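Using the numbering used here, you'd call the opening residue of the sequence shown number 48 and step up by one each time.
C-beta atoms are modelled at their ideal positions from N, C-alpha and C, and glycine is treated no differently.
Source: prediction; values computed, not measured.
Remarks on the structure that follows.
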Amino acid sequence: DPKVFESQIESLIASGGGDEAEDVFSGLKRTSEELKWNVQIPSKFCFFIADAPSHGTFFAGSTSFNDDYPDFDSDGTKTKAVLTKLCRDGVKIISLRVNSRIDEMIKTYNELLGVNDGIATWELSDSNDMKSFYDYISKTTIDSITASVEMASSAPKLSRAKAHKEIRSMISRASGTGKSKTISSEKKTKAETKWGVKGKFTGSFAPTFSAITEEDTLSKSERFEAIQNVETYEIEKPGALLDLHKVPRMKDAGSDKYRFDLEEINKGGCRSISLCFHYETKEETSQRILKKYIDYTSTVDELSCMRCDLQCQAVAGYLAKSFSSLPVISKKIEYLDATGIRFVDKEDRIRYGCVENVLEGDYLKWSNNFSYVRGSTDEDFSATLQAFSHWTHSVTNGYLMIIDVQGVKNSENRFTLTDPAIHCTDEARFGDSNIGSEGMEEFFKHHECNQICKALKLKKHAASNLPSVIAGTPAVHS
48 DPKVFESQIE SLIASGGGDE AEDVFSGLKR TSEELKWNVQ IPSKFCFFIA DAPSHGTFFA
108 GSTSFNDDYP DFDSDGTKTK AVLTKLCRDG VKIISLRVNS RIDEMIKTYN ELLGVNDGIA
168 TWELSDSNDM KSFYDYISKT TIDSITASVE MASSAPKLSR AKAHKEIRSM ISRASGTGKS
228 KTISSEKKTK AETKWGVKGK FTGSFAPTFS AITEEDTLSK SERFEAIQNV ETYEIEKPGA
288 LLDLHKVPRM KDAGSDKYRF DLEEINKGGC RSISLCFHYE TKEETSQRIL KKYIDYTSTV
348 DELSCMRCDL QCQAVAGYLA KSFSSLPVIS KKIEYLDATG IRFVDKEDRI RYGCVENVLE
408 GDYLKWSNNF SYVRGSTDED FSATLQAFSH WTHSVTNGYL MIIDVQGVKN SENRFTLTDP
468 AIHCTDEARF GDSNIGSEGM EEFFKHHECN QICKALKLKK HAASNLPSVI AGTPAVHS
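Rendered as structure tokens:
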């Protein structure tokens, strides 16, 4: 009730003090430490109201204020620790801007967090009455809850212990080595398909194939549906490590024209892949891959799965880019960009899926999401990709790890990857291939620390029981 909220605010009385600056730090610290922020609750907000900046000239910028404690937190270390803890606890901080006196402080807070909008701002003014503020809070809350529910709805419906048991059973029946030679979509047979297990637990996701041109399809027009307008979607991409703890928003990216192949190139336990053509203009097309979900239950479930897949690809892409920028990394890693689409299938049902560029070449799988990790004595071993998974666990302080590493090595200095899985301590995120800390430990049991791990100063995990591979590793394995 906005009136009740307004009356509560009006009943507050400010007293004490003498200088202009306020003890903002203590308020934030108590908010962080004394309130019980339940990590299992996805939508949490802290509304921050101030009309003067914090003690410490570090937070005042170029503006001068009467401050009895100008040397407080002179480099922002204490404040950064408190703000970081709130963000890692999943708390969205919203500053209610009363005047311009706190602008430099909020700017400094965001700089400490390493993001531009770590702390959002709402303008409190005569033109924005309490009803507008209430509507803003309601919308922000609903958006966050909706995103969290959509992400969590694709989580396993089995108990976690039962799910782990089933996954281990699946793994014991699967080879997990997953190397696929280039094949034509015309020559695909069941024997060449290495899936057969639900989820991302074994085999390669999408064998690559000889390119099929638009001209090739003219004589096979019965295979292709008519051009249709589809709605496209994009996921909010991380811009800093702290963003990995947030549930990203998915937004409409407009409409586009696609033509879909009715024949499937390959099929697994969860998704199938087929060709499609993206029409940039009436005359210009580009060949792409459509990944759609096999077990159709409802558009809501498919929307949730699509959102989860887009998030996995975006998080993996951000970390791969960060990893590749490190001076010691000579072989670069990139993940394909994926676009979500809403289309109509041949049975006139509304469907959701993902499209991405075609990968051409030998498709390799360097790890799955449980116990398979390609070892140093295996063909096509890569120290870079092993170190990448190890590094993602380290740089996120054990919060998540990129695994199920697969794709093509398209040159001596670059890997192009797709279809990642992510283990995360928040097991409501990243879909049913996320088995949390247990999955991370399984990776480390089979991971061999190598010269790149050493160069990155990555610590050996407690679960690791294999010797390091440092000396004598062939250069081709890097």
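Would DSSP call Asn313 helix, strand or coil? As a first step, residue 313 must be located in the sequence shown, where it is residue number 266. Annotated three-state conformation of Asn313 is strand, per DSSP.
For Val51, count neighbouring C-beta atoms within 10 Å of its own C-beta (all shown protein chains included) and say buried if the count is 16 or more, exposed if not. Counting from one through the sequence shown, the residue named residue 51 turns up at place 4. Label assigned to Val51: exposed.
So the alpha helix (DSSP H) Ser73 belongs to, where does it begin and stop? Translated into positions along the sequence shown, residue 73 becomes position 26. It spans Val71 to Glu80 - the alpha helix (DSSP H) in which Ser73 sits, taken as one unbroken run.
Measure the alpha-carbon distance for Ala502 versus Ser372 and round it to whole angstroms. Residue mapping note: residue 502 aligns to position 455 of the sequence shown, counting from 1. Residue mapping note: residue 372 aligns to position 325 of the sequence shown, counting from 1. Answer to the nearest angstrom: the Cα atoms are 14 Å apart.
Could you tell me if Glu158 is buried or exposed, where buried requires 16 or more neighbouring beta carbons within 10 angstroms of its beta carbon? The residue you call residue 158 lines up with position 111 of the sequence shown. Here Glu158 is exposed, its C-beta having fewer than 16 other C-beta atoms within 10 Å.
If you drop the 5 nearest sequence neighbours on each side, which residues of the same chain put their C-beta closer than 6 Å to that of Leu447? Against the sequence shown, residue 447 aligns to sequence position 400. In its chain, beyond the 5 residues on either side, Ile469 and Cys471 have a beta carbon closer than 6 Å to the beta carbon of Leu447.
Beta-carbon spacing of Phe94, Leu143 below 8 Å: Along the sequence shown, one-based indexing puts residue 94 at 47. Along the sequence shown, one-based indexing puts residue 143 at 96. In this structure, Phe94 places its C-beta atom within 8 Å of the C-beta atom of Leu143.
For the region 414 to 464, list the alpha helix (DSSP H) runs that are entirely contained and at least 4 residues long, ordered along the chain. Complete alpha helix (DSSP H) runs here, min 4: 430 to 442.
In terms of residues, what are the limits of the beta strand (DSSP E) holding Thr279? Stepping through the sequence shown from its first residue, residue 279 is reached at position 232. For Thr279, the enclosing beta strand (DSSP E) covers residues Gln275 to Ile282.
Taking Ala97 as part of the beta strand (DSSP E), name the residues at either end of that continuous run. Numbered from 1 along the sequence shown, position 50 holds the residue referred to as residue 97. Lys91 to Ala97 is the extent of the beta strand (DSSP E) around Ala97.
Using the Cα positions of Ile166 and Ile141, report the straight-line distance between them to the nearest angstrom. Position 119 of the sequence shown, counting from 1, holds the residue named residue 166. Position 94 of the sequence shown, counting from 1, holds the residue named residue 141. Distance between the alpha carbons of Ile166 and Ile141: 6 Å.
Over what stretch of residues does the beta strand (DSSP E) that includes Gly27 continue unbroken? Any question about residue 27 goes unanswered here, given that the chain covers just 48 to 525.
Selected residue, minimal CA-CA separation from Asp114, among Lys504, Ile336, Asp66 and Gln498: Taking the sequence shown and counting its residues from 1, the one referred to as residue 114 is at position 67. Looking at the Cα atoms, Asp66 is the closest of the given residues.
How long is the line joining the alpha carbons of Ala509 and Asn416, rounded to whole angstroms? In the sequence shown, the residue the question calls residue 509 occupies position 462. In the sequence shown, the residue the question calls residue 416 occupies position 369. Cα-Cα distance, rounded: 19 Å.
Alpha-carbon spacing of Ala434 relative to Ile153, whole angstroms: Residue mapping note: residue 434 aligns to position 387 of the sequence shown, counting from 1. Residue mapping note: residue 153 aligns to position 106 of the sequence shown, counting from 1. Distance between the alpha carbons of Ala434 and Ile153: 37 Å.
Whole angstroms are fine: how far does the CA of Thr124 sit from the CA of Leu289? Working through the sequence shown from its first residue, we reach residue 289 at position 242. Working through the sequence shown from its first residue, we reach residue 124 at position 77. Near 16 Å, if we compare the C-alpha coordinates of Thr124 and Leu289.
Whole-number beta carbon distance between Ser515 and Phe491, since they are thought to touch under 8 Å: Position 444 of the sequence shown, counted from the first residue, corresponds to residue 491. Position 468 of the sequence shown, counted from the first residue, corresponds to residue 515. At roughly 12 Å, the Cβ-Cβ gap does not stay under 8 Å, so Phe491 and Ser515 are not in contact.
Thr168 lies in the beta strand (DSSP E); which residues open and close that run? On the sequence shown, position 121 is the one that residue 168 refers to. It spans Ile166 to Glu170 - the beta strand (DSSP E) in which Thr168 sits, taken as one unbroken run.
Leu411 - DSSP class collapsed to helix/strand/coil: Taking the sequence shown and counting its residues from 1, one reaches residue 411 at position 364. Here Leu411 sits in strand by DSSP.
To the nearest angstrom, how far is it from the Cα of Ile320 to the Cα of Glu69? The residue labelled residue 320 in the question sits at position 273 within the sequence shown. The residue labelled residue 69 in the question sits at position 22 within the sequence shown. Taking the CA atoms as reference points, Ile320 sits about 59 Å from Glu69.
Between which residues of its own chain and Thr465 is the CB-CB distance below 6 Å, once the five residues before and five after are set aside? Residue 465 sits at position 418 when you count from the first residue of the sequence shown. Excluding positions up to five away in sequence, the list reads Leu383 and Gly454.
Is the beta carbon of Leu432 sitting closer than 8 Å to the one on Phe462? To locate residue 432, count along the sequence shown from 1; it is residue 385. To locate residue 462, count along the sequence shown from 1; it is residue 415. With a cutoff of 8 Å on beta-carbon distance, Leu432 and Phe462 are scored as near each other.
Less than 8 Å separating the beta-carbons of Leu337 and Cys317? In the sequence shown, counting from the first residue as 1, residue 337 sits at position 290. In the sequence shown, counting from the first residue as 1, residue 317 sits at position 270. Not a contact, by the Cβ cut-off of 8 Å.
State the DSSP-derived secondary structure class of His292, mapped to helix, strand or coil. Here the question's residue 292 lines up with position 245 in the sequence shown. Collapsing the DSSP output to three states places His292 in a helix.
I need the DSSP call for Val405, collapsed to helix, strand or coil. Indexing the sequence shown from 1 puts residue 405 at position 358. In the three-state reduction of the DSSP assignment, Val405 falls in the coil class, being assigned neither a helical nor a strand state.
Helix, strand or coil, according to DSSP, for Glu67 in the structure here? One-based indexing of the sequence shown puts residue 67 at position 20. DSSP places Glu67 in coil when its eight states are reduced to three.
Collapsed DSSP secondary structure at Ser369 in the structure displayed: The residue labelled residue 369 in the question sits at position 322 within the sequence shown. Correct three-state label for Ser369: helix.
Smallest Cα separation from Val420: which of His493, Lys507 and Ala97? On the sequence shown, residue 420 is found 373 positions in, with the first residue counted as 1. Here the closest residue by C-alpha is His493.
Report yes if the C-beta distance between Gln360 and Val405 is below 8 Å; otherwise report no. Position 313 of the sequence shown, counted from the first residue, corresponds to residue 360. Position 358 of the sequence shown, counted from the first residue, corresponds to residue 405. No, Cβ-Cβ distance for Gln360 and Val405 is not below 8 Å.
Evaluate Gln358 with the Cβ neighbour count: other Cβ atoms within 10 Å of its Cβ, from every protein chain shown; 16 or more gives buried, anything less gives exposed. Looking up residue 358 in the sequence shown gives position 311. Buried: at least 16 other Cβ atoms inside 10 Å.
Paired residues, beta bridge with Tyr343 - DSSP: The residue you call residue 343 lines up with position 296 of the sequence shown. Partner(s): none; Tyr343 has no beta bridge.
Are there 16 or more other CB atoms within 10 angstroms of the CB of Asn481, so buried, or fewer, so exposed? On the sequence shown, residue 481 is found 434 positions in, with the first residue counted as 1. Looking at its Cβ environment, which holds 16 or more other Cβ atoms inside 10 Å, Asn481 is buried.
By Cβ distance, which residues of its chain are closer than 6 Å to Glu57, with the 5 residues on each side in sequence left out? As a working mapping, residue 57 is identified with position 10 in the sequence shown. Shown here for Glu57: not one same chain residue has a beta carbon closer than 6 Å to its own, the five before and five after excluded.
Quick check on DSSP: helix, strand or coil for Ser109? By 1-based counting over the sequence shown, the position of residue 109 is 62. Residue state for Ser109 is assigned as coil, using DSSP reduced to three classes.
Report the option in Pro49, Ser101 and Gln55 whose CA atom is closest to the CA atom of Phe72. Taking the sequence shown and counting its residues from 1, the one referred to as residue 72 is at position 25. Phe72 has its Cα closest to that of Ser101, out of Pro49, Ser101 and Gln55.
Which residue or residues does DSSP assign as beta-bridge partners of Gln498? The residue labelled residue 498 in the question sits at position 451 within the sequence shown. Answer by DSSP bridge pairing: none, since Gln498 is not bridged.
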